[in-house]
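J.: Protein chains in written order, with the working numbering: chain A, 1 to 211; chain B, 1 to 211.
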DNA sequence: GTCTATAGATTGATAGAC
DNA sequence: GTCTATCAATCTATAGAC
């Protein structure tokens, strides 16, 4: 087990700094000095700052989204085989849990979670578009499964409720890494599992609310 | 009715640009050229870029938060007088509606809504802390009223649910101004009233979900 | 692959004339 | 209050030695 090479050290440092300080507020100098690498090495290994953030995002998102897609398709198939609609809560669990599981998988994984949680709120198109490209097919699939789970709710209402749910998930993701906003004394840093157990019923109840 | 003076033109331009491009990605030159003002005028009128964003936030947030506080206190008082708990949905309406009403009040108000919606997701402390300082007392009061509305739900659960609700609200606010994420064809730009009518039942159902 | 050195542009802030 | 001019620092990116 050799020590991580320059390219990986840069990716790790960029992931942490982009998450902590934001894309535009993080310079290549910040990254290379944190990674103990030379300033020129970023452009040698990645070509540009934009290509770097793109690789930072893709490296983690691709495997997570693969798991999400598999789980969502399995839920869809099982429901069709049984001839009964899938459960909305199961669908959301398939979407959220892989991200939370990843968070516990590595000591520094939480930085990436914060980065992703903020991506949809990024004012600049650079980061947001990279994220959108990766997440869009998963959102489409999630919407499909939710539609099957709640066929009595008009598509337009369902769309907005999914939108609200994504807001809850994003906000929770980027807050799980920094200080909570309010009542910090009754919300010490908890493990993701407990937060997931609280988040899923909230979302499910919101999705299934009477019209 | 004279044309707005330089200071106001700078505030308006800064509000729009900070919302569109983000704080760090907007330069003072961007702002002054949009405001048809001289570069040096920002430092003359405000002192620094940070003091400018601070005034951009405070100018709109202070009156909105005043209305929120009054409405929340009125709900609290009415419930106490009647000897019955307040309604969670009414409390959230008191919190959300003033922001949505403001959105329809002026042609360019929507920029500010996006700016606020993103504030909690700002990685940099500068913007986030300015916003926190303004919003914290309102959050505290909202939490109080919600606690009285749902006394059977443990405080810790209530805290997290409020956190999830704030995520939905923030995400909706900064998305109401740009393109929606998914299924754009079934979600054309709508007026805030309709979104509020969809958002309130979602949040209320989530807050009141069985344990 | 890693380094030094630097180009070329942009940043926030300020000094000083008017 | 508004302007020009500029400073000192910082930025991304690249050229070229090793």
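Beta carbons: idealized from backbone N, C-alpha and C, even for Gly.
Since the model is a prediction, treat every value here as computed from it, not as a measurement.
Residue 69 (chain A) to residue 13 (chain A), Cα distance in whole Å?
T.: Taking the straight line from one Cα to the other gives about 29 Å.
J.: Inspect the CB distances between the region 71–91 of chain A and the region 39–52 of chain A and report whether three or more fall short of 8 Å.
T.: Too few Cβ pairs lie closer than 8 Å, so no.
J.: Just tell me which of A:84, A:99, A:27 has its CA closest to the CA of residue 64 (chain A).
T.: Of A:84, A:99, A:27, the residue nearest in Cα terms is A:99.
J.: With H, G and I counted as helix, E and B as strand and the rest as coil, what does DSSP make of residue 30 (chain A)?
T.: Helix.
J.: Just list the alpha helix (DSSP H) runs in the region 78–152 of chain A, keeping only unbroken ones of 4 residues or longer that don't cross its boundaries, in chain order.
T.: Taking only runs of at least 4 residues, the alpha helix (DSSP H) segments lying wholly in the region 78–152 of chain A are 88–105, 109–119, 125–149.
J.: From this set, A:9, A:22, A:62, which residue's C-alpha is nearest residue 39 (chain A)'s C-alpha?
T.: The candidate whose alpha carbon is nearest that of residue 39 (chain A) is A:9.
J.: Answer with yes or no whether the minimum CB distance from residue 151 (chain B) to chain A is below 7 Å.
T.: Answer no: the Cβ-Cβ gap between residue 151 (chain B) and chain A never drops below 7 Å.
J.: For residue 49 (chain A), decide whether its Cβ has a neighbour in chain B, counting only Cβ atoms nearer than 7 Å.
T.: Cβ-Cβ to chain B under 7 Å: no for residue 49 (chain A).
J.: Does residue 193 (chain A) pass the burial test, meaning 16 or more other C-beta atoms within 10 Å, or should it be called exposed?
T.: By the 10 Å Cβ count, residue 193 (chain A) comes out exposed.
J.: Which residue from A:58, A:85, A:55, A:195 puts its Cα closest to that of residue 150 (chain A)?
T.: Comparing Cα-Cα distances from residue 150 (chain A) to each of A:58, A:85, A:55, A:195, the minimum goes to A:85.
J.: Have a look at B:87, B:210, B:130 and flag the residue whose alpha-carbon is nearest the alpha-carbon of residue 144 (chain B).
T.: Comparing Cα positions, the closest option is B:87.
J.: Under 8 Å Cβ to Cβ from residue 165 (chain A), same chain only, skipping five residues before and after it: list those, please.
T.: Same-chain partners within the cutoff: 92, 203, 206, 207.
J.: What number of angstroms, rounded off, separates the C-alpha of residue 29 (chain B) from the C-alpha of residue 140 (chain A)?
T.: Straight-line Cα distance between these residues: approximately 40 Å.
J.: How is the alpha helix (DSSP H) around residue 5 (chain B) delimited, first residue to last?
T.: From DSSP, residue 5 (chain B) is part of no alpha helix (DSSP H); its letter is neither H nor E.
J.: Using only alpha-carbon positions, find the residue among B:134, B:36, B:56 that is nearest to residue 18 (chain B).
T.: Residue 18 (chain B) has its Cα closest to that of B:56, out of B:134, B:36, B:56.
J.: Closer than 8 Å between beta carbons: that is the criterion. Which residues of the region 154–171 of chain B meet it against chain A?
T.: So the list reads 155, 156, 157, 159, 160, 161, 162, 163, 164, 165, 166, 167, 168, 169, 170, 171, given in the order they occur along the chain.
J.: Of all the options B:21, B:36, B:15, B:24, which has the alpha carbon lying nearest to the alpha carbon of residue 5 (chain B)?
T.: Nearest of B:21, B:36, B:15, B:24 to residue 5 (chain B), Cα basis: B:36.
J.: Run the CB neighbour count on residue 210 (chain B), radius 10 Å, all protein chains shown included, and call it buried at 16 or more, exposed below.
T.: Residue 210 (chain B) comes out exposed.
J.: Just curious, the alpha helix (DSSP H) that residue 174 (chain B) is in, first and last residue?
T.: Element bounds for residue 174 (chain B): 155–175.
J.: Taking only beta-carbon atoms, is residue 200 (chain B) less than 7 Å away from chain A?
T.: No - not a single Cβ of chain A is within 7 Å of the one on residue 200 (chain B).
J.: At a Cβ threshold of 7 Å, is residue 124 (chain A) touching chain B?
T.: Yes - at least one Cβ of chain B is within 7 Å of the one on residue 124 (chain A).
J.: Cβ atoms of residue 174 (chain A) and residue 114 (chain A): under 7 Å apart, would you say?
T.: Yes, the Cβ-Cβ distance between residue 114 (chain A) and residue 174 (chain A) is below 7 Å.
J.: When Cβ atoms are compared, which residues of the region 77–102 of chain B fall closer than 8 Å to chain A?
T.: So nothing in the stretch comes that close.
J.: Going by the beta-carbon positions, is the gap between residue 129 (chain B) and residue 24 (chain A) smaller than 7 Å?
T.: Their beta carbons are not under 7 Å apart, which means residue 129 (chain B) does not touch residue 24 (chain A) by this criterion.
J.: Would you mind stating whether residue 102 (chain A) and residue 109 (chain A) have Cβ atoms separated by less than 7 Å?
T.: Taking 7 Å as the Cβ cut-off, residue 102 (chain A) and residue 109 (chain A) qualify as a contacting pair.
J.: Can a CB atom of chain B be found closer than 7 Å to the CB of residue 174 (chain A)?
T.: Yes, its Cβ sits closer than 7 Å to a Cβ of chain B.
J.: Quick one: what does DSSP say residue 65 (chain A) is sitting in, helix, strand or coil?
T.: Three-state result, residue 65 (chain A): helix.
J.: Can you pull the chain A residues whose beta carbon is under 9 Å from the beta carbon of residue 120 (chain B), in chain order?
T.: Ordered by position in chain A, the residues that pass the 9 Å Cβ test against residue 120 (chain B) are 121, 171, 174, 175, 181.
J.: In this structure, does DSSP put residue 45 (chain A) in helix, strand or coil?
T.: Looking at residue 45 (chain A) - three-state DSSP - the assignment turns out to be helix.
J.: Inspect the beta-carbon positions of residue 200 (chain A) and residue 89 (chain A) and report whether they are closer than 7 Å.
T.: Yes. Within cutoff.
J.: I'd like to know if residue 129 (chain B) contacts chain A, where contact means its C-beta is closer than 7 Å to some C-beta of that chain.
T.: Answer no: the Cβ-Cβ gap between residue 129 (chain B) and chain A never drops below 7 Å.
J.: Got a sec? Which residues, its chain only, sit under 8 Å from residue 96 (chain B) by beta carbon, not counting five neighbours each side?
T.: 169, 196, 199, 200.
J.: Can you tell me where the alpha helix (DSSP H) holding residue 201 (chain A) begins and where it ends?
T.: Start and end: 192–207.
J.: Can you give the Cα-Cα distance for residue 45 (chain A) and residue 71 (chain A), rounded to whole angstroms?
T.: Looking at the two C-alpha atoms, the distance is approximately 34 Å.
J.: Just the chain A side, please: which residues come within less than 8 Å of residue 20 (chain B) by C-beta, in chain order?
T.: Under the 8 Å cutoff, chain A gives 123.
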